[in-house]
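Sequential numbering of the sequence shown, starting at 32, is according to my numbering.
Cβ atoms here follow ideal geometry from the backbone N, Cα and C, with glycine treated the same way.
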Amino acid sequence: MARVSARAGRLTKYAAEALNSGCVCISMDQDALHHALESELGTPGLLALVEERCPYLFAARPVFISTDHMERMAQLVRAVESVIALPAFREQILAAAPAIARHDPGGARGVFFGYDFHVDQYGIGLIEINTNAGGAMLNAVLARAQRACCPEMEQLVPTLASAQALEHDIVDMFRAEWQLSGHDRPLRSIAIVDEAPEQQYLYPEFLLFQQLFQRHGLHAVIADPSALTLHDGVLWHGDTAIDLVYNRLTDFMLESRAHAALRAAYLAHAVVLTPHPQAHALYADKRNLALLTDAARLDALGVAPATQAILLAGIPHTEVVDSAHADRLWSERRRLFFKPTAGYGGRAAYRGDKLTRRVWQE
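What follows is the structure, encoded as structure tokens:
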């Protein structure tokens, strides 16, 4: 392997490329991973569940990106956030969204937004924004299981202190959501909610979240939304009054009948819901990427030229598929990628060169 420098945790583009092409070290400490899952962060039996349910969650080898790429990603995230904060943007997006997206979420901003980037030798490209991204607690586990496999890795491996800081930051984020919603008393209870949670691929992460919350003095349950009830102005799970719902549902607008109690509680401000429908409409609807890559529309919103330059350089040009442009898009499909406006996890996404006429017409 070519010798590279990673001073103070910073990687040049050359160093990252050299490590990716030449580093064949194993950085994951299996014993430390097992200890983190079974005792430090998790619970006995969690390792076996991970190996059965999702055995490929943890890669043995790292992938390196340069500090320059990281800084450009952060710059682009700040640019996107600045546009979404504009009243004109919010008014335009929410006017076209379902009514529940216009409901005041009460101050909560949303937890675990995920900005998905494609990185190659030419730079970075923001391809999607998620408002209920999974994986934070898996990274907390992984941070405790890394070791420096070569001198070049020593400045890059997370320390125990940084891993513990991440866990505290996660809990603080949920407490901040509670406080932003106008509550003076401490947060007491959290429900981690998804459909049939025990059947979900990332159920092990739900268990990790439950353990994390409980270690910090919060009562935490994992629940199917159908197990929630609303009465006396309070959302209940059995005999437990729920203060905050950590929402892992992919029914982003709470349209399913099975989610009626959660929807009613949210609309009545009987619970803090995070993330919530408004966050999805403002951030995750993929039609927003078309606006963020349209210079004329950005001009009309009053977006500063410097911010526009960052957006246009960092987000692949996006346009909404409609009948008026269907013939042109079909003819150009081989160089395009198609996604549903409210898709997630790669579902119903197509490479243009794999797209059939039948799917296109649907």
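Do you know offhand how far H214's Cα is from A164's?
One-based indexing of the sequence shown puts residue 214 at position 183. One-based indexing of the sequence shown puts residue 164 at position 133. Computed Cα separation, rounded: 26 Å.
Could you tell me the distance, in whole angstroms, from the CA atom of S220 to the CA atom of Q210?
Mapped onto the sequence shown, residue 220 falls at position 189. Mapped onto the sequence shown, residue 210 falls at position 179. Rounded to whole angstroms, S220 to Q210 spans 14 Å at the Cα level.
For a test of the three-state rule: what should DSSP assign to T98, helix, strand or coil?
Locating residue 98 in the sequence shown gives position 67, counting from the first residue. Annotated three-state conformation of T98 is helix, per DSSP.
Output the boundary residues of the alpha helix (DSSP H) element that contains E198.
Position 167 of the sequence shown, counting from 1, holds the residue named residue 198. Where E198 is concerned, the enclosing alpha helix (DSSP H) starts and stops at L191 to L211.
Identify the residues that DSSP records as bridge partners of T281: which are they?
In the sequence shown, residue 281 corresponds to position 250, counting from 1. Per DSSP, none; premise fails for T281.
Mind checking A274: buried by the 16 CB within 10 Å criterion, or exposed?
What you label residue 274 is simply residue 243 of the sequence shown in a count that begins at 1. In the sequence under discussion, the amino acid at residue 274 is Asp, which differs from the Ala named in the question. Of the residues assessed, D274 falls on the buried side of the cut-off, its CB having 16 or more other CB atoms within 10 angstroms.
Sorry if obvious, but does the Cβ on A254 come closer than 8 Å to a heavy atom of the ligand ATP?
Among the ligands in the structure shown, none appear at all, so the ligand ATP cannot be discussed.
Excluding the 5 residues preceding and the 5 following I115 in the sequence, name in chain order all residues of the same chain whose CB lies nearer than 6 Å to its CB.
Along the sequence shown, one-based indexing puts residue 115 at 84. Listed in chain order, the non-local C-beta contacts of I115 below 6 Å within the same chain comprise L313, local neighbours out to five positions each way being set aside.
Alpha carbon to alpha carbon, how far is T338 from D330?
Indexing the sequence shown from 1 puts residue 338 at position 307. Indexing the sequence shown from 1 puts residue 330 at position 299. One C-alpha to the other measures close to 11 Å.
Have a look at S36 and Q195 and give me their C-alpha separation to the nearest angstrom.
The count along the sequence shown starts at 1 and reaches residue 36 at position 5. The count along the sequence shown starts at 1 and reaches residue 195 at position 164. In this prediction, S36 has a pLDDT of 48, which is less than 50 and means its spatial position is unreliable; what the coordinates show is noted afterwards. Q195 has its alpha-carbon roughly 27 Å from the corresponding atom of S36.
Exposed or buried, what is Y234 when buried is set at 16 or more other beta-carbons lying within 10 Å of its beta-carbon?
On the sequence shown, residue 234 is found 203 positions in, with the first residue counted as 1. Label assigned to Y234: buried.
Could you give the uninterrupted runs of the alpha helix (DSSP H) lying entirely in the region 294 to 347, keeping only those of 4 residues or more?
Complete alpha helix (DSSP H) runs here, min 4: 318 to 323, 326 to 332 and 336 to 345.
In the DSSP assignment, the alpha helix (DSSP H) including F21 goes from what residue to what residue?
The requested residue 21 is not part of the displayed model; the chain covers only 32 to 393.
Have a look at A258 and A207 and give me their C-alpha separation to the nearest angstrom.
Within the sequence shown, numbered from 1, the residue matching residue 258 stands at position 227. Within the sequence shown, numbered from 1, the residue matching residue 207 stands at position 176. A direct Cα-Cα distance of roughly 26 Å separates A258 from A207.
V150 - DSSP class collapsed to helix/strand/coil
Position 119 of the sequence shown, counted from the start, is the residue given in the question as residue 150. In the three-state reduction of the DSSP assignment, V150 falls in the strand class.
Looking at C-beta atoms only, is the number of pairs between the region 69 to 84 and the region 181 to 189 that lie closer than 8 Å three or more?
No, they do not touch.
Closest by CA to S58, which one among A227, F95, E102 and E112?
Here residue 58 refers to the residue found at position 27 of the sequence shown. Comparing Cα-Cα distances from S58 to each of A227, F95, E102 and E112, the minimum goes to F95.
Might you give, ordered along the chain, the residues of its own chain that have their beta carbon closer than 7 Å to the beta carbon of P189, omitting 5 neighbours on each side?
As a first step, residue 189 is located in the sequence shown; it is residue number 158 there, counting from the start. Beyond the five residues adjoining it in sequence on each side, P189 comes within less than 7 Å, by CB distance, of A174 and Q177 in the same chain, given in chain order.
Could you check how far apart the C-beta atoms of R294 and L285 are, in whole angstroms? I think they sit under 8 Å.
Residue mapping note: residue 294 aligns to position 263 of the sequence shown, counting from 1. Residue mapping note: residue 285 aligns to position 254 of the sequence shown, counting from 1. In this structure, R294 and L285 form a Cβ contact; the two beta carbons are roughly 4 Å apart against a cut-off of 8 Å.
Distance CB(A139)-CB(T281) smaller than 9 Å:
Walking along the sequence shown from the start, residue 139 turns up at place 108. Walking along the sequence shown from the start, residue 281 turns up at place 250. Between A139 and T281, the C-beta gap is not smaller than 9 Å, which leaves the two residues out of contact.
Anyone know if the C-beta pair for L106 and I341 falls short of 9 Å?
Along the sequence shown, one-based indexing puts residue 106 at 75. Along the sequence shown, one-based indexing puts residue 341 at 310. Note on residue identity: the sequence assigns Gln, not Leu, to residue 106. Cβ distance < 9 Å, so Q106 and I341 count as in contact.
Do you know how far the Cα of M104 is from the Cα of D147?
Sequence index remark: in the sequence shown, residue 147 carries index 116 (1-based). Sequence index remark: in the sequence shown, residue 104 carries index 73 (1-based). So the two alpha carbons sit approximately 10 Å from each other.
Considering only the beta carbon of each residue, do D255 and V224 sit closer than 9 Å?
The sequence position of residue 255 within the sequence shown is 224, counting from 1. The sequence position of residue 224 within the sequence shown is 193, counting from 1. Result yes, Cβ atoms of D255 and V224 sit closer than 9 Å.
Distance CB(T324)-CB(P347) smaller than 9 Å:
Position 293 of the sequence shown, counting from 1, holds the residue named residue 324. Position 316 of the sequence shown, counting from 1, holds the residue named residue 347. Contact: yes.
What do you get for F244, buried or exposed, if any count of 16 or more other CB atoms within 10 angstroms of its CB means buried?
Counted from its first residue, the sequence shown places residue 244 at position 213. Under this definition F244 is a buried residue.
Buried/exposed call for A296, threshold 16 Cβ in 10 Å
Here residue 296 refers to the residue found at position 265 when the sequence shown is read from its first residue. Flag for A296 reads buried.
What do you get for H199, buried or exposed, if any count of 16 or more other CB atoms within 10 angstroms of its CB means buried?
To locate residue 199, count along the sequence shown from 1; it is residue 168. Here H199 is exposed: its Cβ has fewer than 16 other Cβ atoms, across all protein chains shown, within 10 Å.
Proximity to L157 [Cα-Cα], best of H65, Y45 and R109:
Working through the sequence shown from its first residue, we reach residue 157 at position 126. From the listed residues H65, Y45 and R109, the smallest Cα separation to L157 is found for R109.
In angstroms with no decimal places, state the Cα-to-Cα distance between A335 and V111.
As a first step, residue 335 is located in the sequence shown; it is residue number 304 there, counting from the start. As a first step, residue 111 is located in the sequence shown; it is residue number 80 there, counting from the start. About 12 Å.
Residues in the same chain with beta-carbon distance under 6 Å from A251, minus the five sequence neighbours each way, listed in chain order, please.
The residue labelled residue 251 in the question sits at position 220 within the sequence shown. Listed in chain order, the non-local C-beta contacts of A251 below 6 Å within the same chain comprise I221, Q241, F244 and Q245, local neighbours out to five positions each way being set aside.
Return the first residue and the last residue of the beta strand (DSSP E) that I221 is part of.
The sequence position of residue 221 within the sequence shown is 190, counting from 1. Residue range S220 to V224 is occupied by the beta strand (DSSP E) that includes I221.
Exposed or buried, S193, counting other C-beta atoms within 10 Å across all chains shown (16 or more means buried)?
The residue given as residue 193 occupies position 162 in the sequence shown. S193 should be labelled exposed.
Starting from the C-beta of V81, find all residues in its chain whose C-beta is less than 7 Å away, skip the five residues before and the five after it, and write them out in chain order.
Position 50 of the sequence shown, counted from the first residue, corresponds to residue 81. Closer than 7 Å at the Cβ level, and outside the excluded window around V81, lie L68, L88 and P235.
How should G269 be labelled, buried or exposed, when 16 other C-beta atoms within 10 angstroms of its C-beta is the threshold for buried?
Mapped onto the sequence shown, residue 269 falls at position 238. Exposed is the call here.
Under the three-state reduction of DSSP, which class applies to E229: helix, strand or coil?
By one-based count along the sequence shown, residue 229 stands at place 198. Three-state result, E229: helix.
Identify the residues that DSSP records as bridge partners of T43: which are they?
As a first step, residue 43 is located in the sequence shown; it is residue number 12 there, counting from the start. Bridge partners of T43: none, in fact.
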